[in-house]
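Visitor: Per this note's numbering, the sequence shown starts with residue 799, numbered consecutively.
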Amino acid sequence: MEFSSKLLEKAVHEMAQLPGIGKRTALRLVLHLLKQPQEQTRFLSEALTTMREEVKFCSSCHNISDVAICEICANENRNHQIICVVEDIRDVMAIENTQQFKGIYHVLGGKISPMDGVGPSQLNLTTLVEKVKTGTVQELIFALSSTMEGDTTNFFIYKQIKDYNIITTTIARGISVGDELEYADEVTLGRSILQRIPLEISFKNN
């Protein structure tokens, strides 16, 4: 792709680094920005810069937040005895959209995947186990994607906390095997949360 401007080329190159954005789409987006008022582009760049510099991760659940403790963890009306374990922030958003879950979350930041070089030490597992050890947690709901990596992560966590007096469940398989939570419709995901099953049963079925 030939560019008449080095500035344009650099902007397209940087835009194309985003997931799902090829060079042609990047060029279309950059040219669109050029047609907008300069202040509109400035608002966008300032919003991205501010987000990158000031966004925080909740010190309790690792969700994205503007403050040290996210709104969900700080909400006294939520059931803090029930923790839904998810892979990333998008899963929190997906489950919250169902309006069916009233507990709190724990964001792992990924799932165990030896093929991708992701091991237990690279996930937010230690803080989860520490929460269980306090004795204040009544139930862990495992809401990871129904993939081999998701099931491996579920089993690893289960082995870490199985000696504690805690209920472990997993979302019902209304979610198709191999599907990611963020792509599930809200009704199906909501029913999967409400109709969760004991985690041990899910191991026997796999």
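Glycine included, every Cβ here is placed at the ideal spot set by N, Cα and C.
1. On the DSSP bridge list, what partners appear for Leu846?
2. Could you have a look at Tyr956 and say whether DSSP puts it in helix, strand or coil?
3. Touching or not, the region 903-914 and the region 850-862, by the rule of three or more beta carbon pairs under 8 Å?
4. Measure from the alpha carbon of Thr839 to the alpha carbon of each residue in Ala809, Ala866, Leu923, then state which is nearest.
5. Between the C-alpha atoms of Phe855 and Cys868, what's the straight-line distance to the nearest angstrom?
6. If you run the structure through DSSP and keep just helix, strand and coil, what is Pro996?
7. Under the assumption that Thr967 contacts Ile910 (Cβ atoms under 8 Å), give the Cβ distance between them as a whole number of angstroms.
8. Sort Lys960, Arg876, Val890, Thr932 by Cα distance to Ser943 and report the nearest one.
Guide: According to the structure shown:
1. Against the sequence shown, residue 846 aligns to sequence position 48. According to DSSP, Leu846 bridges with nothing at all.
2. Working through the sequence shown from its first residue, we reach residue 956 at position 158. Tyr956 falls in the helix class under three-state DSSP.
3. yes
4. Along the sequence shown, one-based indexing puts residue 839 at 41. If we check each option's Cα against that of Thr839, Ala809 comes out closest.
5. In the sequence shown, the residue the question calls residue 855 occupies position 57. In the sequence shown, the residue the question calls residue 868 occupies position 70. Taking the straight line joining both Cα atoms gives about 8 Å.
6. Counting from one through the sequence shown, the residue named residue 996 turns up at place 198. Here Pro996 sits in strand by DSSP.
7. Position 169 of the sequence shown, counted from the start, is the residue given in the question as residue 967. Position 112 of the sequence shown, counted from the start, is the residue given in the question as residue 910. Between Ile910 and Thr967 the Cβ distance is about 20 Å, and since that is not below 8 Å, they are no contact.
8. Here residue 943 is taken as the residue at index 145 of the sequence shown, counted from 1. Proximity to Ser943 across Lys960, Arg876, Val890, Thr932 peaks at Val890, based on C-alpha coordinates.
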